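Down below is the structure, laid out as structure tokens.
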Amino acid sequence: MATLKSVCVYCGSSDDVKSDYLRLAQDLGRTLAQKGIRLVYGGGGVGLMGACARAVHSDGGEVLGIMPRFLLQKERVFDEVPHEIVEDMHTRKQRMFDESDAFIVLPGGIGTLEEAVEMLSWARLGLHAKPMAFLDEDGFWTPFFELMDHIIDGRFTPQEFRATLVHEQTPEASIQALCDRIVKLGD
Ligand code: AMP
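In this text, residue positions in the sequence shown follow my numbering: the first is 118, and each later residue adds one.
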């Protein structure tokens, strides 16, 4: 039976956001540490990325950051935890994918959206079956789910795909949803 050992978290790199978002990232980090689940993430020390990684690390959890060389300064690599320096964005995404069993998507911008949608498109193509949960407390991702419904209404994506998309409001519920799906896939 498959188990959830490492979760890849996609999230915003901006610090200039509502403090509730940074707090949610921290809460998620603490929950991962408490459950002994490794955080795999983009390696930065900024925004929700930094908040989540610092929380895992300070609570004694395991972290792996994957940072492209050209972003070392801009995203201020969090070097107190194990991290890999890679040459480009594509390698970063591939390594994050390789090292994780499932994904959690916190609030974020274009980069977060791009990373999440690429993994969904790989799932749609049957290239993997790793589950993904969108996590927010305030409906941040609701417009994304509305867009997905719109796309499904237009019959560009089959209705069955909707059932694979999970939207949760707490770190606990997100992790539980991923565990439930991983168990099913592992059966
Ligand atoms: P953002 O949500 O725009 O703050 O970006 C979140 C993270 O996604 C940042 O670490 C970006 O560097 C990263 N990112 C943006 N585009 C890509 C991409 N094409 N591949 C991998 N990571 C990306």
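Glycine is no exception: its CB is placed at the ideal position from the N, C-alpha and C atoms.
No experiment lies behind these values; they were computed from the predicted model shown.
Straight-line gap, Leu237 to Gly177 (C-alpha atoms, nearest Å): Translated into positions along the sequence shown, residue 237 becomes position 120. Translated into positions along the sequence shown, residue 177 becomes position 60. Using only the alpha carbons, I get a separation of about 31 angstroms.
Verify the contact flag: Met206, CB atom, against every heavy atom of the ligand AMP, threshold strictly below 7 angstroms. One-based indexing of the sequence shown puts residue 206 at position 89. For the ligand AMP, a non-hydrogen atom lies closer than 7 angstroms to the CB of Met206.
If you reduce the DSSP assignment to three classes, tell me which class Phe257 lands in. Start at 1 with the first residue of the sequence shown, and residue 257 comes out as number 140. Phe257 sits in coil when the DSSP states are folded into three classes, being neither helix nor strand.
Helix, strand or coil for Val198? Go by DSSP, reduced to three states. Counting from one through the sequence shown, the residue named residue 198 turns up at place 81. DSSP, reduced to helix, strand and coil, places Val198 outside both helices and strands of the structure shown, so it counts as coil.
Could you give the uninterrupted runs of the beta strand (DSSP E) lying entirely in the stretch 236-300, keeping only those of 3 residues or more? Segments of the beta strand (DSSP E) lying fully in the stretch 236-300: 249-252 and 282-285.
Same chain, Cβ closer than 8 angstroms to Pro185, neighbours up to 5 away in sequence not counted: Here residue 185 refers to the residue found at position 68 of the sequence shown. Result list for Pro185: Ile202, Val203, Glu204, Asp205, Met206, Thr208 and Arg209, in chain order.
What does the alpha-carbon distance come out to for the pair Ser130 and Gly226? Within the sequence shown, residue 130 is the residue found at index 13, counting from 1. Within the sequence shown, residue 226 is the residue found at index 109, counting from 1. Ser130 and Gly226 have their C-alpha atoms spaced approximately 8 angstroms apart.
Can you give the Cα-Cα distance for Met118 and Glu285, rounded to whole angstroms? The residue given as residue 118 occupies position 1 in the sequence shown. The residue given as residue 285 occupies position 168 in the sequence shown. For Met118, the predicted structure reports a pLDDT of 47, less than 50, and the residue's modelled location is therefore unreliable. The matter cannot be settled from this model.
Nearer than 7 angstroms: is that true of the beta carbon of Arg140 relative to any heavy atom of the ligand AMP? To locate residue 140, count along the sequence shown from 1; it is residue 23. Arg140 Cβ: outside cutoff for every heavy atom of the ligand AMP.
Less than 8 angstroms between CB atoms is the rule here; does Arg186 satisfy it with respect to chain C? Among the chains of the structure shown, chain C does not appear; only one protein chain is present.
In chain order, which beta strand (DSSP E) runs of at least 3 residues are fully inside the stretch 149-213? Qualifying beta strand (DSSP E) stretches, in chain order: 155-158, 180-185 and 200-203.
For Leu244, tell me which candidate among Val134, Thr259, Ile292 and Gln211 has the shortest Cα-Cα distance. If you number the sequence shown from 1, residue 244 lands on position 127. Among Val134, Thr259, Ile292 and Gln211, the Cα nearest to that of Leu244 belongs to Gln211.
Output the distance between the C-alpha atoms of Val163 and Asp297, rounded to the nearest integer angstrom. Here residue 163 corresponds to residue number 46 of the sequence shown, with the count starting at 1. Here residue 297 corresponds to residue number 180 of the sequence shown, with the count starting at 1. Counting only the Cα atoms, Asp297 lies some 31 angstroms from Val163.
Helix, strand or coil at Val234 according to DSSP, with G and I counted as helix: Numbered from its first residue, the sequence shown carries residue 234 at position 117. Residue state, collapsed to three classes: helix.
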